[in-house]
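Scroll down for the structure; my scribbles are underneath it.
Numbering (this note's numbering), first residue to last: 84 to 901.
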């Protein structure tokens, strides 16, 4: 068959050498060779440049080099093939090639011997250095974590198979880099690159790159070599104290220049580096100089949130768990879904304001849904939570608001997020906390003529207690002197700039009555120092302010004391002593910003002294509740008093629920100087089944003096104390080794407790243990297993919940050893 013998012999095997070259020719048909030499005869050479795309009728050729058929498309693309037994030349022949059989070369005469010449010894050429590449990067998570006080984060823990580096800004961290050969600073160009956000840009300071330097750069981005060993270097990386907080991608660029070409070999680290605030750094705006306070407000994972009423303060243990898995991821996720601009993520001020909006789920898919209805079907009762970890885990799994929360839950979660980000924070409780709905900086209470509360006109309210937060930071946006603790509130009460958020508000500014400073000063001032005004209709039916109380609001403002379980009173941080000239001046200054313009502070002569008294120093659930109105005649004439005392169950937000007692009294005659007490008693049978979550009651009183038309009106609230929960556990245990906890208490009610659950938290993830019913006036006992998974000095938190009684709690310290 024509053309099948182009290799010089039928079925013979040739040999080839292949090198890359530029394609020269493209043949449209196979060249024909004339008289190919027989196999084994004098060799000839067939060589030339092949292009691809030439073809024969069959579509393939016999590859004599390999002894097999190949597709033509696989033959000769851009390669030089050197054959024996024949050759062709690409410039002659009808098909671009011809066959040549060279003549037999004649033997050459032997050359005359030449004198021996020693070869010239040339210096050995210096071997060319291989390109520098990054083999391994060690972020030294453990050592950096200890230096930055971030080694408690679960994502950085030694047992984590893929630990993440968490560092505090403004403080250097160490990185170890192993190269393919020793690094030479004179010839190797090395560049470190940090990037944040979806669209990192140098102009937005979200793309940062820098070379290694011999100088320390403590207040800007940079890196310095601290040691070199073989092909490994150790560097210190510097971040500025104003660095944006968040996840930063980290890469190393090795730059190689060849003439005008520049090649970059990039090493991209698998995991981002988490950069957070640094309250230990003097140049950070959240710097806190007191180490004891930092141990409490940054590093302490367990605290207490105070609840109850001003006459009965109790505390609720709370596991903040700011170092648990996903907590930092949740914090950064909140900033991302809020569409917070990266340009302001270096300042704690906008971050705190944004977090106050994102902890609640009212506007933007935040963490918690609030519920004050008493019906918690489809979710968890706010009193059932023992800490933030379970809430944040559920939010992270589902990416939707968790049901349900109330003020102490919002505050506990906000404290967790702040401490995780490196912002010193604490939960703060205000007893007798005003909720001013109209910006008047007063709380208005309206009564009906018969002495009952006029709920249809009572828009303002006074919460038995309200829990918000304080975060520590400088306030460069305010006049000098207003830094330090800043109040902010994640509970969705009122909108600010169209969003349910509150603060940050300078606590010092609130004390001074400077409520016009950002943010939300009038609302916070009213919470702690509003005056309470009581309105009753006169004989013509026109509402008159018949009594005002300047001391009812903002009592026993509380937080957990640093490094103690005791209560620290913060009241004087928010306002001067009640009734002092400084306190009254602050109120009048704040009122200039308020919505009320008329003067309602007119005093009339009141010669009967009224006072509400709780007969027993404290009242317990299960016992009778007794309250009285003391009336003393300070005049020289007799006085006759009539009125009404109403007792109702209530929610802690000041909203009244079921009426428990309404008792009128008439014509109580007081002689000059005489004092009498009108009492009301509410028995267990009268309130059983009607108490709300926090076992609270409000007492409203209206009294009228017939001779002088003096009116007295007041609204007070009280909390019934819950039974004591006994918890017995070892003082020391071993990690991952189960131990037992004994729990007991006496049921104070004459009815059964149903739907009982014991929750244990603090040593591991929260554990729930469903229990059977507790008989009327019976004793509950349980022995429960706990397997601690955390190390250190921890606090065991135990809470008993049932349908009838919630949040019977206790805690105890436990040392968990390795």
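Every residue, glycine too, gets a C-beta built ideally from N, C-alpha and C.
- Contact fails between the region 845 to 864 and the region 770 to 788, because fewer than three Cβ pairs, one in each stretch, are under 8 Å apart.
- By the Cβ rule, the region 375 to 391 counts as touching the region 504 to 512, because three or more pairs are nearer than 8 Å.
- In the three-state DSSP reduction, residue 380 falls in the helix class (H, G or I).
- As a beta-bridge residue in DSSP terms, residue 391 pairs with 396.
- Leaving aside the five residues that flank residue 873 on each side, the residues in its chain whose CB is nearer than 7 Å to its CB run, in chain order, 846, 847, 899.
- Cβ contact annotation for residue 583 (same chain, cutoff 7 Å, sequence separation greater than five): 440, 443, 445, 446, 575, in chain order.
- Inclusion of residue 750 and residue 725 in the CB contact set at 8 Å is warranted, their separation being smaller than that value.
- Counting of Cβ neighbours within 10 angstroms places residue 545 among the buried residues, the total reaching 16 or more.
- Residue 466 and residue 884 do touch by the CB rule: their CB atoms are close to 7 Å apart, below 8 Å.
- Distance from the Cα of residue 297 is smallest, within the candidate group 304, 308, 288, for 308.
- Note: residue 212 is not bridge-paired with any residue in the DSSP secondary-structure output.
- Note on the region 226 to 258: whole beta strand (DSSP E) runs with a minimum of 3 residues are 249 to 251, in chain order.
- For the beta strand (DSSP E) assignment, the uninterrupted runs of no fewer than 3 residues enclosed by the region 778 to 808 are, from N- to C-terminal side, 779 to 788, 794 to 802.
- Burial is judged here by how many other beta carbons sit within 10 angstroms of a residue's own beta carbon; residue 246 has at least 16 and is buried.
- For the pair residue 263 and residue 475, the Cα-to-Cα distance works out to about 44 Å.
- The secondary-structure analysis by DSSP pairs residue 761 across a beta bridge with 712.
- Linking residue 592 to residue 503 through their CA atoms gives a straight-line distance of about 27 Å.
- Per DSSP, reduced to three states, the secondary structure at residue 569 is strand.
- The alpha helix (DSSP H) runs of length 4 or more contained entirely in the region 402 to 447 are, from start to end of the chain, 410 to 420, 431 to 441.
- Taking C-beta atoms as the reference points, residue 323 and residue 292 fail to come closer than 8 Å.
- In the three-state reduction of the DSSP assignment, residue 310 falls in the strand class, which pools E and B.
- Counting C-beta atoms within 10 angstroms of its own C-beta, residue 837 has fewer than 16 neighbours from the protein chains shown and is therefore classed as exposed.
- Residue environment: residue 609 is assigned as buried (16 or more neighbouring CB atoms within 10 Å of its CB, all protein chains considered).
- Contact between the region 630 to 646 and the region 661 to 669 is present: three or more C-beta pairs spanning the two stretches fall below 8 Å.
- Residue range 739 to 753 is occupied by the beta strand (DSSP E) that includes residue 745.
- Cα atoms of residue 563 and residue 448: separation of roughly 36 Å, rounded to the nearest angstrom.
- In the DSSP assignment, no residue is bridged to residue 660.
- With fewer than 16 other CB atoms across the displayed protein chains lying within 10 angstroms of its CB, residue 675 is exposed.
- In the three-state reduction of the DSSP assignment, residue 672 falls in the helix class, which pools H, G and I.
- Judged by beta-carbon spacing, residue 371 lies within the 8 Å limit of residue 555, meaning their Cβ atoms are closer than that value.
- Annotation: residue 243 to residue 408 spans about 10 Å, alpha carbon to alpha carbon.
- Annotation for residue 469: no beta strand (DSSP E) segment contains it, and DSSP assigns it neither H nor E.
- For a cut-off of 8 Å, the C-beta gap from residue 641 to residue 653 is around 7 Å, short enough to register as a contact.
- The C-alpha of residue 520 is placed about 8 Å away from the C-alpha of residue 577.
- Residue 697 sits in a strand when the DSSP states are folded into three classes.
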